[in-house]
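S.K.: In the numbering used here, the protein residues as written are 20 to 297.
Note that the Cβ used here is the ideal one computed from N, Cα and C, for glycine as well.
Just so we're clear, the structure is a prediction, and the values are computed from it rather than from any experiment.
(1) At what residue ranges does the stretch 216-262 contain a whole run of the alpha helix (DSSP H), taking only runs of 4 or more?
(2) Short of 6 angstroms in beta carbon distance, which residues of its chain neighbour residue 152, apart from the five on each side in sequence? Order them along the chain.
(3) Would residue 229 and residue 250 be called neighbours here (beta carbons separated by less than 8 angstroms)?
(4) Give every residue of the same chain whose Cβ lies closer than 8 angstroms to the Cβ of residue 174, excluding the five residues on either side of it in the sequence, and list them in chain order.
(5) Check the DSSP bridge columns for residue 104 and list the partner residues they point to.
(6) Which residue comes first and which comes last in the beta strand (DSSP E) that contains residue 50?
(7) Over what stretch of residues does the beta strand (DSSP E) that includes residue 210 continue unbroken?
(8) In terms of residue numbering, what span does the beta strand (DSSP E) encompassing residue 97 cover?
(9) Rounded to a whole number of angstroms, what is the C-alpha to C-alpha distance between residue 294 and residue 254?
(10) Using DSSP's beta-bridge definition, name the partner residues of residue 71.
(11) Measure the alpha-carbon distance for residue 189 versus residue 164 and round it to whole angstroms.
(12) From the beta carbon of residue 127, is the nearest beta carbon of chain B less than 8 angstroms away?
(13) Tell me which residues share the same chain as residue 209 and place their Cβ nearer than 7 angstroms to its Cβ, disregarding the 5 neighbours each side in the sequence.
(14) Identify which residue in 197, 145, 206, 144 has its Cα closest to the Cα of residue 271.
(15) Cβ of residue 58 within 8 angstroms of Cβ of residue 105?
(16) With burial defined as no fewer than 16 other Cβ atoms inside 10 Å of the residue's Cβ, what is the status of residue 93: buried or exposed?
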């Protein structure tokens, strides 16, 4: 278990695009009530990923790489092709939701990254997860107009929560929660430029300590991270077709369009005009 958890938790905020995927077809959605004789043996889903949420009780899972207990409030995520067996705790039989689905990924390496996620994780927001799975089951059974759109969005929301919990909340960087709050603030206020001294004061860290931790957490310096946010915003402005390169540069705080263009190409690999003409 430690090997899988460590490989996922070392991701920084700049690595989150490695998990980019969309839900394609869905195999089934089911809630299983607790029974003292529940067990599965050598199950393999070659087409689908498996997601399960423990509602109550306990069970023990056995995979080729590890054996682990599961209890209420935990999410299980198995990549396709993983053989697994499980038995319930007869003294406290588990009840759970389970679903299978296909994931469409844009790059082959995403599948490898998904396989590096831990097989199970205790989740902090159990009431929200329970509500999402209840809604998922209701929509799946009811098959009302547009149900697949919402089912796919629920699965993506749950997967996002899982990835964030595996990679963000368990960051090995000290003061990760404080750093997460700063990153969220910068994302919300991307039009404003903050010095690292200002940001350090917000979370009650020394400037030098904050500077070091921020780079460890995001993989970028404070200046680099803010430039990255501004360039992302500029790319959207250009893609909208409503802004020229000069207008987009000024809108995100770059009065020098030549510097903006050099930085844009450095961070995206393309000239700004490429996105303007899409």
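M.R.: The relevant details are as follows:
(1) 226-237, 241-259
(2) 72, 116
(3) no
(4) 42, 45, 70, 118, 120, 155
(5) 81
(6) 40-51
(7) Residue 210 -> no beta strand (DSSP E), and no H or E assigned at all.
(8) 93-97
(9) 7 angstroms
(10) 95, 117
(11) Bear in mind that the predicted position of residue 189 carries a pLDDT of just 48, short of 50, making it too unreliable to give a figure here.
(12) Going by chain labels, chain B is absent from the structure shown, which holds only one protein chain.
(13) 248, 249, 252
(14) 206
(15) yes
(16) buried
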